[in-house]
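In the working numbering, the protein residues as written are 115 to 515.
Let me begin by presenting the structure, written as C-alpha cells, before commenting on it.
Given below as C-alpha cells:
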C-alpha cells in the first residue's frame with residue numbers, strides 16, 4: 115500500500131489507516147471529491163460516509179472533528195453539503211454520521227471561507243431529519259423567507275410542533291402552498307393534527323378566514339377534508355374561525371360535485387353532520403349530489419337518520435348514468451331513466467334497514483316519469499325477499515309504471 119495519505123486504500127477490514135464499508139481495494143481517488151485539493155483523512159472519511167473510519171480517527175487517533183480543510187470546510191459541512199448527494203448511500207446513513215460528529219463535539223456553526231454553514235447545506239439537500247438534528251445541537255438561526263415553505267410543510271406532516279414554530283419564526287410563510295396547492299393548515303387538517311391546526315389559525319390572526327378557505331388544486335378545503343375524514347374536533351375549530359362550509363369539492367372515487375355535508379354523510383360521520391347543519395346553504399346544496407343519496411350509496415344508516423330528523427327530503431332526484439344491461443324494447447322506457455332517489459340506491463346496495471327507514475320517512479316507491487322506480491328495479495333484479503316485503507308491506511302501487 116502506498117504511504118501517501120491521499121492514496122489510502124479503503125478496505126473492509128482495519129488496514130492501519132481507515133476502516134470502511136465500501137469493500138476491498140476501493141481507492142479514495144474513486145470517490146469524487148468536491149475539489150482536488152488537500153483534504154485530511156477525517157474529511158475523506160466523512161465525505162465517503164464511513165462511520166467506522168470516522169470513529170477510528172476521532173477515538174483512536176485523536177483527530178479533531180472541527181478540522182478545517184483547504185476551503186475552511188469541516189467534516190460536518192461536507193456531510194451536510196448538497197454535493198454529498200452524488201455519492202450518498204442513504205439519508206439514514208448520513209444522519210447517523212452527522213449525529214456522531216455532533217456528539218463528538220463538532221460545532222454546527224463553523225463556516226467555510228465562502229460563508230457556508232452545515233444547516234444551509236442540509237437545507238439544500240432537503241434532508242429534514244438532518245436539519246432538525248443540527249437545530250437541536252445549536253445551529254444558528256437562518257433566513258427561511260424565500261422558497262423554504264417545504265420545510266414548514268414537512269414539519270407539519272411530521273406533526274413536529276417545535277420545528278413548526280421555529281421555522282415560522284425564522285421566516286416561513288404559513289400561506290405558502292406546495293405544487294398541489296396545499297397549505298400547512300390543510301396538511302395539518304389532513305393529518306388530524308389538532309394542535310397544529312389551532313396554532314396556524316391563531317397565527318394567521320385577522321387573515322384566519324382567508325387561510326382556512328384556501329382551496330387546493332383538487333378542490334379540497336380544510337372543511338371538506340375534516341368532514342370526509344370525520345375529524346369533528348378540527349371541523350368545530352375551523353367553523354369557529356369562520357370557515358366557509360359551502361365550498362363545493364370532489365372526491366377522487368365518487369362521481370360529481372359534492373358538498374361537505376354530503377361527504378360527511380357518505381362516510382357516516384354524524385357528529386360532523388351536526389356541526390355542518392346550521393351552516394348549509396340549501397341553494398348551493400342543490401347543485402351537488404344529495405346527501406341522503408350519498409349516505410345510502412355507502413350504507414350510512416346513522417347519517418340518513420340524522421338528515422331525515424333534520425328535515426332533509428328523501429325524494430331528491432339525482433342524475434345517474436348507469437347501463438342496466440340487455441332490455442326488452444318495451445321495458446326500455448322504464449329502465450333508462452337518468453334520475454334516481456336514495457331509495458333506489460339503498461335497494462341497489464341491498465340494505466334492508468335503510469330501505470325500511472326511507473320508506474317509513476315517506477320515500478316514493480314508484481315513479482311514472484323522470485326517476486328510476488325503486489320497486490320496479492327490485493323486481494327486475496330479483497331482489498331479496500325481505501326487501502320486496504318492505505315494498506309490499508307498505509302498499510306499493512304495483513301498477514305504477
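Think of the CB as a built atom: it goes at the ideal place given N, C-alpha and C, for glycine as much as any other residue.
Bear in mind that the values here come from a model prediction, so they are computed numbers and not experimental data.
How big is the Cα-Cα spacing for residue i and residue j?
i, j, result
"residue 269", "residue 379", "32 Å"
"residue 235", "residue 242", "11 Å"
"residue 142", "residue 305", "Unreliable positioning characterises residue 142 in this predicted model, as indicated by a pLDDT of 38, which lies under 50. The coordinate reading is nonetheless provided below. Going from the Cα of residue 142 to the Cα of residue 305 covers about 45 Å."
"residue 384", "residue 417", "5 Å"
"residue 162", "residue 206", "14 Å"
"residue 145", "residue 186", "Note that residue 145 scores a pLDDT of 40, beneath 50, so its modelled location is shaky; the value from the coordinates is reported in the next line. Between residue 145 and residue 186, the C-alpha separation is close to 20 Å."
"residue 266", "residue 325", "15 Å"
"residue 341", "residue 457", "24 Å"
"residue 335", "residue 503", "43 Å"
"residue 273", "residue 299", "11 Å"
"residue 178", "residue 250", "21 Å"
"residue 216", "residue 301", "32 Å"
"residue 331", "residue 291", "10 Å"
"residue 309", "residue 277", "13 Å"
"residue 329", "residue 406", "25 Å"
"residue 61", "residue 480", "Residue 61 is absent from the model: the chain starts at 115 and stops at 515."
"residue 129", "residue 189", "No answer about residue 129 holds up, because its pLDDT of 33 lies below 50 and its placement is not dependable."
"residue 363", "residue 313", "25 Å"
"residue 365", "residue 350", "22 Å"
"residue 346", "residue 286", "28 Å"
"residue 57", "residue 303", "The structure shown does not extend to residue 57, since the chain is modelled only from 115 to 515, so the question has no answer here."
"residue 500", "residue 381", "26 Å"
"residue 237", "residue 195", "9 Å"
"residue 114", "residue 370", "Residue 114 falls outside the range modelled here, since the chain spans only 115 to 515, and no answer is possible."
"residue 333", "residue 426", "25 Å"
"residue 466", "residue 492", "12 Å"
"residue 311", "residue 281", "16 Å"
"residue 294", "residue 321", "21 Å"
"residue 193", "residue 279", "26 Å"
"residue 400", "residue 394", "11 Å"
Mind checking residue i: buried by the 16 CB within 10 Å criterion, or exposed?
i, result
"residue 482", "exposed"
"residue 263", "buried"
"residue 396", "exposed"
"residue 227", "exposed"
"residue 288", "buried"
"residue 490", "buried"
"residue 323", "exposed"
"residue 246", "buried"
"residue 461", "buried"
"residue 435", "Interpretation of residue 435 is limited by its pLDDT of 47, a score under 50 that renders its predicted location unreliable; no figure is taken from the coordinates."
"residue 124", "Low local confidence applies: a pLDDT of 34 at residue 124 is under 50, so the model's placement there is unreliable, with the coordinate-based value given in what follows. Result: buried."
"residue 423", "exposed"
"residue 174", "exposed"
"residue 547", "With the chain covering 115 to 515 only, the question about residue 547 has no answer from this structure."
"residue 510", "buried"
"residue 506", "exposed"
Given a cut-off of 8 Å, decide if residue j and residue i are closer than it, judged by their beta-carbon atoms.
i, j, result
"residue 165", "residue 214", "yes"
"residue 487", "residue 453", "no"
"residue 387", "residue 420", "yes"
"residue 284", "residue 327", "no"
"residue 402", "residue 372", "yes"
"residue 459", "residue 410", "yes"
"residue 232", "residue 171", "no"
"residue 230", "residue 253", "no"
"residue 357", "residue 337", "yes"
"residue 154", "residue 183", "yes"
"residue 473", "residue 415", "no"
"residue 475", "residue 455", "no"
Which residues bound the alpha helix (DSSP H) around residue i?
i, result
"residue 105", "What is shown of the chain runs 115 to 515, which leaves residue 105 out entirely."
"residue 309", "308-318"
"residue 264", "263-271"
"residue 158", "155-161"
"residue 505", "499-507"
"residue 194", "189-194"
"residue 179", "No alpha helix (DSSP H) holds residue 179; DSSP gives it neither H nor E."
"residue 276", "275-283"
"residue 458", "456-462"
"residue 486", "Careful: residue 486 lies outside any alpha helix (DSSP H) and carries neither H nor E."
"residue 468", "466-474"
"residue 301", "298-304"
Is residue i close to chain C? Criterion is C-beta to C-beta, closer than 8 Å.
i, result
"residue 274", "The chain labelled as chain C is not found in the depicted structure, where only one protein chain is given."
Regarding residue i and the ligand ZN, is the C-beta to nearest heavy atom distance less than 7 Å?
i, result
"residue 372", "The model depicted lacks the ligand ZN and carries no ligand whatsoever."
Length at least 4, wholly inside the stretch 392-432: the alpha helix (DSSP H) runs in chain order: Whole alpha helix (DSSP H) segments, 4+ residues: 396-399, 405-410, 415-423.
Inside the stretch 325-376 only - alpha helix (DSSP H) runs reaching at least 4 residues: Counting only runs that start and end inside the stretch 325-376, the alpha helix (DSSP H) elements of at least 4 residues fall at 336-343, 346-354.
Completely contained alpha helix (DSSP H) runs for the stretch 212-257, where each covers 4 or more residues: You should have 232-238, 242-250.
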